[in-house]
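This report refers to the structure that appears directly beneath it.
There are 2 protein chains.
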Amino acid sequence: MTAWLLCCRQIKFKMLEVEVKGKIKDLKEFENTLKNIGAKFLKEEIQEDVYFNHPCRDFEKTDEALRIRKINNEVFLTYKGKRIDKETKTREEIEIKCDEKISEILTKLGFNAVATVKKIRREYEFENLHICVDNVEHLGNFVEIESKELKDRNKIFEILNLFGIKKDEIIKKSYLEMIFQNQRK
Amino acid sequence: MTAWLLCCRQIKFKMLEVEVKGKIKDLKEFENTLKNIGAKFLKEEIQEDVYFNHPCRDFEKTDEALRIRKINNEVFLTYKGKRIDKETKTREEIEIKCDEKISEILTKLGFNAVATVKKIRREYEFENLHICVDNVEHLGNFVEIESKELKDRNKIFEILNLFGIKKDEIIKKSYLEMIFQNQRK
């Protein structure tokens, strides 16, 4: 792992969540370590996220996002508000289950798909932490460690130590921002 | 009945539908006649429709509409495109089942609720016609006769004759437009 992101965000039904994200250098070694510390494998999902721009608002400037996530046959619409705290990345997130035809409605209303983030996500559970191992198309392998309890912040840092993660390896960008960054290169 | 609306519209999954709408003068007499001709009562629903404006588009000028309909615990999001044919009122309509938190997402995106249409709808079936008897808050009693078959246009006119409906009694406006009209008075 070379980079990490620590963030607390407000998610579904306005719960607070601590989230840590970083790049994985060696996927096999990483998942072996996960198994060795006793992390329980939960599931593997193929997630396709389509991000939309706003007909009269620059989401990049307002730090908002509108996303349609497809997981198998299920579709979710998610609005992400601007980060309230840059350090912890606390932000409002409203997510609803939806019909895939929401995409057509958004297009009719002037929203346009600007980027797609495809990933294979393998989820693990360790104590009360939720660990997502993501293979992101065009970007590589990443890990996200999440907890619904803000008090788990220190526990997450202990897990980071197990993987030899340094604080200066934190990633500040979302997958969408990383894709935009690559497009500009 | 004093006024009627004939319209063909494109509805869910882009099917074409013939729709006739008119004002009911005497609700009891109207429903008695329905029973006498052999119309089958299907169900009664309380429908609450909230209409939204667009953050940077005047829906009144573009002849579009965005609506959240609540029926008991079910929520539907509907986009209505502009009428393609003013005479037949053919228009595109995309409707999806949704979570009620779609309202919060729309508000975050700059859409604002501009009007609410509440009605008690009693639905009847007669041959292959779908008949809705609506008691609309602040507007009164109306009937809508619908068929998925364009060829039923003449049959609908025969039904109109049974109720003594004249062509010049056709209503050109939607409930939303009628509510806006009342607000301007």
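Respectively, the protein sequence lines represent chains A and B. Here the first sequence stands for residues 1 to 185, numbered as in our numbering. Here the second sequence stands for residues 1001 to 1185, numbered as in our numbering. All residues carry an ideal CB built from backbone N, CA and C; glycine is no exception.
Rounded to whole angstroms, what is the Cα-Cα separation between residue i and residue j?
| i | j | result |
| --- | --- | --- |
| Leu77 of chain A | Asn1073 of chain B | 19 Å |
| Lys1028 of chain B | Leu1042 of chain B | 17 Å |
| Leu1139 of chain B | Met1178 of chain B | 8 Å |
| Lys1040 of chain B | Glu1123 of chain B | 9 Å |
| Lys80 of chain A | Asn32 of chain A | 33 Å |
| Cys98 of chain A | Glu104 of chain A | 12 Å |
| Val50 of chain A | Ser1174 of chain B | 35 Å |
| Asn161 of chain A | Asn154 of chain A | 11 Å |
| Leu176 of chain A | Val133 of chain A | 17 Å |
| His1054 of chain B | Asn1112 of chain B | 7 Å |
| Glu149 of chain A | Gly1110 of chain B | 32 Å |
At a cut-off of 7 Å, is residue i close to the ligand MN when judged by its beta-carbon and the heavy atoms of the ligand?
| i | result |
| --- | --- |
| Val133 of chain A | Because no ligand of any kind appears in the structure shown, any question about the ligand MN cannot be addressed here. |
If you count every other CB in all the chains shown that lies within 10 Å of the CB of residue i, and 16 or more means buried, which is it?
| i | result |
| --- | --- |
| Asp1058 of chain B | exposed |
| Arg1091 of chain B | buried |
| Leu1034 of chain B | buried |
| Cys56 of chain A | exposed |
| Ala65 of chain A | buried |
| Lys151 of chain A | exposed |
| Asp168 of chain A | exposed |
| Gly1022 of chain B | buried |
| Glu125 of chain A | exposed |
| Lys61 of chain A | exposed |
Does DSSP classify residue i as helix, strand or coil?
| i | result |
| --- | --- |
| Asn154 of chain A | helix |
| Asp1058 of chain B | coil |
| Asp1173 of chain B | First, the amino acid is wrong: residue 1173 of chain B is Lys here, not Asp. The answer is coil: DSSP assigns Lys1173 of chain B none of H, G, I, E or B. |
| Phe1041 of chain B | strand |
| Asn72 of chain A | coil |
| Lys101 of chain A | coil |
| Phe1030 of chain B | helix |
| Phe180 of chain A | helix |
| Val18 of chain A | strand |
| Asp49 of chain A | strand |
| Glu1087 of chain B | Only weak support is given to the placement of Glu1087 of chain B: the predicted model assigns it a pLDDT of 49, under 50, and the value that follows is read from those uncertain coordinates. Here Glu1087 of chain B sits in coil by DSSP. |
| Ile159 of chain A | helix |
| Lys943 of chain B | The structure shown has nothing for residue 943 of chain B, since chain B only spans 1001 to 1185. |
| Lys1035 of chain B | helix |
| Ile1165 of chain B | coil |
Name, in chain order, the residues that DSSP records as bridge partners for residue i.
| i | result |
| --- | --- |
| His130 of chain A | A:Glu125 and A:Glu146 |
| Asn1135 of chain B | B:Ile1120 and B:Asn1141 |
| Asn1112 of chain B | B:Asn1053 |
| Leu1066 of chain B | B:Phe1052 and B:Tyr1079 |
| Glu95 of chain A | A:Thr78 |
Interface positions of the region 1057 to 1083 of chain B facing chain A (Cβ-Cβ less than 9 Å), listed along the chain:
Listed in sequence order: Arg1057, Glu1064, Leu1066, Leu1077, Thr1078, Tyr1079 and Gly1081.
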